[in-house]
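Let me begin by presenting the structure, written as structure tokens, before commenting on it.
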Amino acid sequence: SLTSLCLSPRRLKTKPMVGDNRSAVSEFFVLLGLTSSHELQLTFFVIFSAFYLAIVLGNLLVILAVASDPHLHSPMYFLLANLSFIDVCQASFATPKMIVDFLSEPKTISYNGCITQIFFVHLFTGSEQVFLVAMAYDRYVAICQPLHYMAIMSWRKCVGLSVTSWVIGFIHSSSQLAFTVNLPFCGPNVVDSFFCDLPRVTQLACVDTYVLGLFIIADAGLISTSCFVLLLASYTVILATVWRRQSSTSMAKARATLSAHITVVILFFGPCVFIYLWPFTTYPVDKVLAVFYTVATPILNPIIYTLRNKDMKAALKKLSSHHLNSIYSFIHSIVFMER
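Below is the structure:
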């Protein structure tokens, strides 16, 4: 009879396992990607390459603008710059490999690379969820308690909020991996996604992962649900405060701003909740939804949080003019030296 195939999570070598007639299949997992169509893969290569370039350039411009313009040295823009940094990280843990895989067959990833992707996806998504709450708190203080804004949102508190978001993200990610790295994985070693996602990878284990699935639900559900509820509560209080002031202009502005923020929050939290609400069953749409928090949200955040802001637009315009002048001066000096 045919023996089943198994790969060990610690040393993926082709040798029999003790007390078992199964043998390791390979030292890597196979990613199926977003599509098997060659034509679509070429199209996606162009689209996602452009998206990733826009994400990196857009968010780096935000960081440079905040760092270089003294008018933006305030708590709100400090938080915006940190959000842009998280977005670059969020888009970079899997997107570059996905882009390369569009042009390669088979799409493989080593066991260590797979575990690394699982760690970073939970680190960055967990940190961003907490950080979005911190930004909502900043807007709540600015609108509901404007006279005490600088006293409440001190630089010490801003740094503390940033560090707290990363610490919570690290604890969340480490707890997800604590019981995953020791799992024995069985063939087939095929992951139906464009990166190693925890629910899909744990389904390949040789052992029953029902208890682990419950832990994933409890852990991911706790951070996602609590952050989502806090965000909705803060936005509700902000809208109620603006409405009580009976200012139609302020209400219209707040409604437009918060509606854009809530849209990004839903696009970010919605897929996470859907995928991790019941990790025992995976659906083909899961990998499509994963695109929202790996690509869509990082490209929308600079638009929603910065390009709608007059001060930020002025700083970006000033920054671009400065660099254009620097390039012009550099070229002019080269031409002058040659003459």
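In this note's numbering, the protein residues as written are 36 to 374.
We put the CB at the ideal spot given by N, CA and C, even for glycine.
Start and end residues, beta strand (DSSP E) containing residue i
i	result
Thr-78	Counting along the chain, Thr-78 falls outside any beta strand (DSSP E), though it belongs to the alpha helix (DSSP H) covering 73–103.
Phe-230	It is not in any beta strand (DSSP E) - Phe-230 carries neither H nor E in the DSSP assignment.
Leu-66	63–66
Helix, strand or coil at residue i according to DSSP, with G and I counted as helix
i	result
His-106	helix
Phe-128	coil
Thr-199	helix
Glu-163	helix
Phe-214	coil
Asn-117	helix
Residue i to residue j span [Cα, whole Å]
i	j	result
Ser-200	Thr-260	15 Å
Ser-209	Val-277	41 Å
Val-242	Pro-219	7 Å
Val-246	Phe-214	10 Å
Thr-143	Ile-134	13 Å
Lys-322	Phe-303	14 Å
Ala-253	Leu-265	18 Å
Phe-263	Leu-96	28 Å
Lys-132	Ser-71	16 Å
Residue i - partner residues in DSSP beta bridges
i	result
Ala-240	Phe-220
Ser-145	Phe-63
Same chain, Cβ closer than 8 Å to residue i, neighbours up to 5 away in sequence not counted
i	result
Ile-258	Gly-161, Gln-164, Val-165, Ile-203 and His-207
Ala-12	Here the chain comprises residues numbered 36 to 374, so residue 12 is not present and cannot be evaluated.
Span of the alpha helix (DSSP H) around residue i
i	result
Arg-279	245–279
Pro-333	332–337
Tyr-184	184–187
Leu-69	Element bounds for Leu-69: n/a, residue is neither H nor E.
Leu-324	320–326
Spatial neighbours of residue i in its chain, beta-carbon cut-off 6 Å, leaving aside the 5 residues before and after
i	result
Arg-154	It is worth fixing the name first, because residue 154 is Phe in this sequence and not Arg. Answer for Phe-154: Ser-208 and Leu-212, listed in chain order.
Ala-177	Tyr-184
Close-in-space but distant-in-sequence residues of the same chain around residue i (CB under 7 Å, 5 per side omitted)
i	result
Val-272	Tyr-175 and Cys-179
Ile-339	Ala-295, His-296 and Val-299
Leu-196	Ala-169
Cys-193	Pro-110, Phe-113 and Leu-114
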